[in-house]
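*Asks:* Residue numbers (our numbering): 3 to 402.
Glycine is no exception: its CB is placed at the ideal position from the N, C-alpha and C atoms.
Below you will find the structure I want to go over with you.
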Ligand SMILES: *Cc1c(COP(=O)(O)O)cnc(C)c1O
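Okay, here's the thing in structure tokens:
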């Protein structure tokens, strides 16, 4: 029995089964390479699901976290500390709109806070309905789950006690039919991540902004996966030139250290009066220091330019293969569509070839690698993906 097999057996015996048994037991990482407990190396093309924006063991992140841990690890919100102020100022600066920030520990928590803002807005204006999208994902807590469109993960916990209307994603007419004077808020992802990287058509977010403004409903954009570099920008919605009332962030924001954030315009942020909401760990000094290091490194190393250029290279490399039907998404946040529903098998083969990716749905391989990835590493991924496809979806007569 290898050590990997031993630790997996201990995992199965001691951790709950909600994730099944993960295929790889990791121990360390360096750059874009992670190594398992038996010393096997893998190219990390999924980045802990769009989280490890600087890769692994990045000196800037290690330094920021170490220095802050040694200086002051925790204050609670009874007392403030400088890093939360610096981070909030920086986030508003990157957003480019006047507003205020609430800091928390995860994406789900950010959406819980956004949901509370929506409820308070509804209470103040006499509305209770919330509109969200089919197949959307906003988190697993009962509030965030109530606006999550993925029925398979929501239905076991119903009733969730909230009046939510789910509309088909990306369909502005359906949104128009659903949003009227009884709607307190509309929750949207600029691109649906967990559904396999499904971007909204151009104009959808701008249409949603006009519609919600007309009916005095909040527009809440969940940028937990799409934000912080995934599309080659700080915020995916900047491309549509709109200002939502609320934006939620997490995942890449901390580069691997847990943190979430809610950004809101001044009028909406004012709904959080003293005592309305809180979190003991939210805005923790170590997490804020990590996030500031992520922002600084993205700027200093021009990482958005890197992923935008490499995204074009990915298209050129993979779209030439007839088994790749489309590559959705932007930069290096991509859903690679396959001609047959073999993504799960392809991902399993990739692991055998030393590459980590995932299959959010049967016909799609998702990648969300560290923004620091090099062209040579991306080429290695393309080679290995085609090699895996040769196993699970061989071309008659072989690859040209
Ligand atoms: C991951 C994700 C969440 C939930 O974030 P957690 O940190 O897992 O709680 C919410 N919304 C979107 C769009 C996500 O991708």
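(1) Cα separation between residue 58 and residue 209?
(2) With DSSP run on the structure shown, which of helix, strand or coil describes residue 42?
(3) Extract the residue ranges of the beta strand (DSSP E) inside the region 102–177, only unbroken runs of 3 or more that lie entirely within it.
(4) In angstroms, rounded to a whole number, what distance separates the CA positions of residue 40 and residue 27?
(5) Quick check: the region 280–294 against the region 177–190, are there 3 or more CB pairs under 8 Å?
(6) I need the DSSP call for residue 8, collapsed to helix, strand or coil.
(7) Report the rounded CA-to-CA distance for residue 64 versus residue 56, giving the unit in angstroms.
(8) What are the start and end residues of the beta strand (DSSP E) that includes residue 332?
(9) Could you give the uninterrupted runs of the beta strand (DSSP E) lying entirely in the region 219–260, keeping only those of 3 residues or more?
(10) For the region 71–87 against the region 143–160, do three or more pairs of beta-carbon atoms, one drawn from each stretch, fall closer than 8 Å, so that the two count as touching?
(11) Measuring straight from C-alpha to C-alpha, what distance separates residue 11 and residue 5?
(12) Measuring CB to CB, does residue 264 end up less than 9 Å from residue 112?
(13) Can residue 215 be considered in contact with ligand 1, in the sense that its beta carbon sits closer than 8 Å to one or more heavy atoms?
(14) Per the DSSP calculation, residue 265 is bridged to which residue(s)?
(15) Less than 9 Å between the C-beta atoms of residue 183 and residue 129, yes or no?
(16) So, is the C-beta of residue 275 closer than 9 Å to a C-beta in chain D?
(17) Can you tell me whether residue 372 is buried or exposed, with buried defined as 16 or more other CB within 10 angstroms of its CB?
(18) Mark residue 313 as exposed unless 16 or more other C-beta atoms lie within 10 angstroms of its C-beta, in which case mark it buried.
(19) Are at least three pairs of beta-carbons, each pair with one atom in the region 230–238 and one in the region 303–319, less than 8 Å apart?
(20) What is the residue span of the beta strand (DSSP E) that residue 186 lies within?
(21) Here's a check: name, in chain order, each residue in its chain whose Cβ is nearer than 6 Å to the Cβ of residue 164, leaving out the five neighbours to either side.
(22) Note the first and the last residue of the continuous beta strand (DSSP E) segment covering residue 369.
(23) Between which two residues does the alpha helix (DSSP H) holding residue 288 run?
*Replies:* According to the data block:
(1) 39 Å
(2) coil
(3) 102–106, 131–135, 166–169
(4) 9 Å
(5) no
(6) helix
(7) 11 Å
(8) 326–332
(9) 220–224, 248–251
(10) no
(11) 10 Å
(12) yes
(13) no
(14) 103, 249
(15) yes
(16) The structure shown contains no chain D; it is built from a single protein chain.
(17) buried
(18) buried
(19) yes
(20) 185–190
(21) 148
(22) 366–369
(23) 287–302
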